[in-house]
Amino acid sequence: MSEFADDLRLAHELADTADSIALTRFVAPDLAVSLKLDNTVVSDADQSTEQAIRLALSAARPRDAVHGEELADTGSGSRQWIIDPIDATANYVRGVPVWATLIALMVDGIVRVGLVSAPALGRRWWATEDAGAWMGKSLLTSTQLHVSSVDKLGDAFISYSGLSEWTGSGREQQFIGLLRDCDRTRAFGDFFSYMLVAQGAVDIATEPKLALHDMAALDVIVREAGGCFTNLDGVDGPFGPGAIATNARLHPAVVARLH
């Protein structure tokens, strides 16, 4: 049993709380939506979901630090929970069911536990260090995840969020070249691209601009499924700039194309 098994169980409990709030507000006619300073959208559901997760953590893990998308960091020390209350808020506010709550635990600078809960899709993905990556509705009903075995870019399936994000990144032409090198391209976007890599349904996922809360949970799930998760320069971890997730076999080629 993983030394982080109790933390994983807690992550599922936190996700249960998050699901109940976010699903209730999904497509609600009175959903309050505004723009943040970075021109991204935020809803009252983002804020109330993160507040509820933080309240639960303060009771269950009072000594742990917390970093979230919507509220200020709290606490300090080697253990830090990282929360994205609603990843893909732009989908959420338009009534698109592809959104999720991301919950991760980082210990000594390495993500050890990650959980992605997409209640409108009826599924979750999770992983703990050295215990594999899994998909299902609960700990008791799950299937282990494995990345694909594709080893040539010409046979690869790549997913991304949008071309506009690459404009001004300094790597726009490199990215377009990578798309041309691959066999199949789709913009599933956000967390979903990376979970499809972990499932083996997609071989490559990449974005040029992401924050720690966008990436932390995805990192350990992809790694435990047998893949690689790095920044655009090939450095391990969810610390940017941007992210590349692959089935590992394709990683050197993708990093080289985007360099």
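In the working numbering, the protein residues as written are 7 to 265.
Here a beta-carbon is modelled for each residue, glycine too, at the ideal position from N, C-alpha and C.
Limits of the beta strand (DSSP E) - the one that residue i falls within
| i | result |
| --- | --- |
| valine 47 | 47-49 |
| glycine 183 | Where glycine 183 is concerned, there is no enclosing beta strand (DSSP E), although the alpha helix (DSSP H) it sits in stretches over 178-187. |
| alanine 106 | 106-113 |
| valine 156 | First-last for valine 156: undefined, no H or E at that position. |
Where the alpha helix (DSSP H) through residue i begins and ends
| i | result |
| --- | --- |
| valine 99 | 95-100 |
| leucine 20 | 11-31 |
| valine 228 | 218-230 |
Identity of the residues DSSP links to residue i by a beta bridge
| i | result |
| --- | --- |
| serine 165 | Arg192, Ala211 |
| phenylalanine 235 | Ala251 |
| histidine 73 | Ile88 |
| leucine 41 | Val47 |
| threonine 80 | Val72 |
| aspartate 242 | Thr236 |
Anticipated Cβ contact below 8 Å, residue i with residue j, distance rounded
| i | j | result |
| --- | --- | --- |
| phenylalanine 197 | leucine 108 | 6 Å |
| arginine 255 | valine 156 | 7 Å |
| alanine 11 | alanine 139 | Actually they are not in contact, since the Cβ atoms of alanine 11 and alanine 139 sit about 15 Å apart, beyond 8 Å. |
| alanine 106 | alanine 94 | 7 Å |
| leucine 159 | alanine 259 | 5 Å |
| alanine 96 | valine 47 | 6 Å |
| proline 125 | alanine 28 | 7 Å |
| alanine 51 | arginine 31 | 4 Å |
| glycine 240 | valine 261 | 4 Å |
| alanine 71 | glutamine 86 | 4 Å |
| leucine 77 | proline 103 | Not quite, the Cβ-Cβ distance comes to about 25 Å (not below 8 Å), so this is no contact. |
| alanine 211 | serine 8 | Rounded, the Cβ-Cβ distance is 25 Å, inconsistent with contact. |
| serine 154 | aspartate 209 | 5 Å |
| arginine 60 | glycine 81 | Their Cβ separation, rounded to whole angstroms, is 10 Å, which puts arginine 60 and glycine 81 out of contact at 8 Å. |
Secondary structure of residue i, DSSP reduced to three states
| i | result |
| --- | --- |
| arginine 118 | strand |
| arginine 130 | strand |
| threonine 147 | strand |
| valine 261 | helix |
| threonine 173 | coil |
| serine 8 | coil |
| glycine 142 | strand |
| alanine 124 | strand |
| glutamate 56 | helix |
| glycine 206 | coil |
| alanine 34 | coil |
| leucine 61 | helix |
| alanine 137 | coil |
With a cut-off of 8 Å, do at least 3 Cβ pairs link the region 243-252 to the region 201-217?
yes
Between the region 13-26 and the region 40-48, do at least 3 Cβ pairs fall closer than 8 Å?
no
Inspect the CB distances between the region 149-159 and the region 50-64 and report whether three or more fall short of 8 Å.
Contact between the region 149-159 and the region 50-64 is absent, because fewer than three Cβ pairs lie under 8 Å.
For the region 216-230 against the region 98-116, are there 3 or more C-beta pairs whose distance is under 8 Å?
yes
For the region 84-102 against the region 213-223, do three or more pairs of beta-carbon atoms, one drawn from each stretch, fall closer than 8 Å, so that the two count as touching?
yes
Taking contact to mean at least 3 C-beta pairs separated by less than 8 Å, is the region 11-19 in contact with the region 119-133?
These segments touch.
Below 8 Å, can you find three or more Cβ-Cβ pairs linking the region 160-173 to the region 235-243?
no
Cβ contact check for the region 167-178 and the region 121-128: 3 or more pairs under 8 Å:
no
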